[in-house]
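So that you can map any letter, position 150 of the sequence shown is 917 in the numbering used here, and since no number is skipped, the others follow by simple counting.
Using N, Cα and C, we set each Cβ at its ideal position, and we do this for glycine too.
Below is one structure, written out as structure tokens; comments come after it.
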Amino acid sequence: MDIRKAQGFALIDLIFVCGIIGLLSSIAIPRMLLAQQAAGASSAIGSLRAISSGQLTYALTCGNGFYSPDLPTLGVPPAGTTEPYITPGLSVGTTVIRSGYMLQLEGTAYPGAPPSCNGLGAGAAAQGWRAGADPTVSGGFRFFAVNASGTIYEHNAEIYTSMPEVGTPPVGHLLR
Numbered sequence: 768m769d770i771r772k773a774q775g776f777a778l779i780d781l782i783f784v785c786g787i788i789g790l791l792s793s794i795a796i797p798r799m800l801l802a803q804q805a806a807g808a809s810s811a812i813g814s815l816r817a818i819s820s821g822q823l824t825y826a827l828t829c830g831n832g833f834y835s836p837d838l839p840t841l842g843v844p845p846a847g848t849t850e851p852y853i854t855p856g857l858s859v860g861t862t863v864i865r866s867g868y869m870l871q872l873e874g875t876a877y878p879g880a881p882p883s884c885n886g887l888g889a890g891a892a893a894q895g896w897r898a899g900a901d902p903t904v905s906g907g908f909r910f911f912a913v914n915a916s917g918t919i920y921e922h923n924a925e926i927y928t929s930m931p932e933v934g935t936p937p938v939g940h941l942l943r
């Protein structure tokens, strides 16, 4: 008698395995996207904290009580040192995109401001400032902003444009 051994997989086995993989993927992918959004929001909050800390240090050490009007100025180290006030990744331009968020900083120039120790000219520094982090990906639902008060606020819509340079914004809530 000649008996053949079955080798390999039957088509039904392959369909069954593909079905299980599809089911597990449909459960895991939405959770993975939520985790990615949470990581991006955490990175944005950390960047805003770094900007706020850099602004305070700048005002106390180099700006004669005045703030930097933009991110690139915070990226310039003061004379006699090589350490800028924020990391080089945050100071590459007036608008920086990191971890799915667009970060920006703005301060209105005050004509009576003295020159700073890192090359900012007289009348270019600001009395107050505001910074914001807006999601660049669709479906982003967390917007953040901070100003000279050093408090980070969160809102479910754009908050940066309504954020004053000093004080409480008209929308949003305090981030805890």
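Can the beta-carbon of residue i be found less than 9 Å from the beta-carbon of residue j?
i, j, result
"residue 885", "residue 855", "no"
"residue 851", "residue 897", "no"
"residue 842", "residue 859", "yes"
"residue 929", "residue 870", "no"
"residue 939", "residue 912", "yes"
"residue 830", "residue 853", "no"
With DSSP as the reference, please indicate the residues paired to residue i in a beta bridge.
i, result
"residue 863", "870"
"residue 914", "897"
"residue 919", "913"
"residue 902", "868"
"residue 834", "893"
"residue 876", "893"
If you count every other CB in all the chains shown that lies within 10 Å of the CB of residue i, and 16 or more means buried, which is it?
i, result
"residue 914", "buried"
"residue 800", "exposed"
"residue 836", "buried"
"residue 774", "exposed"
"residue 934", "exposed"
"residue 926", "buried"
"residue 838", "buried"
"residue 791", "exposed"
Am I right that residue i and residue j are in contact with their C-beta atoms under 8 Å? What's the rounded C-beta distance?
i, j, result
"residue 900", "residue 811", "4 Å"
"residue 877", "residue 910", "Actually they are not in contact, since the Cβ atoms of residue 877 and residue 910 sit about 27 Å apart, beyond 8 Å."
"residue 778", "residue 818", "About 58 Å; that fails the 8 Å criterion."
"residue 887", "residue 840", "6 Å"
Are the C-beta atoms of residue i and some chain D residue less than 9 Å apart?
i, result
"residue 936", "The displayed structure is made up of one protein chain only, and chain D is not part of it."
Worksheet item: Is the stretch 858-878 close to the stretch 805-813, with three or more CB pairs under 8 Å?
Response: Yes, the stretch 858-878 is in contact with the stretch 805-813.
Worksheet item: Is the stretch 876-883 close to the stretch 915-935, with three or more CB pairs under 8 Å?
Response: Not touching, per the Cβ criterion.
Discussion item. Contact between the stretch 823-838 and the stretch 887-897 is defined here as three or more beta-carbon pairs at a separation below 8 Å; is this criterion met?
Written reply: In the pairwise beta carbon analysis, the stretch 823-838 is classified as touching the stretch 887-897: at least three pairs are separated by under 8 Å.
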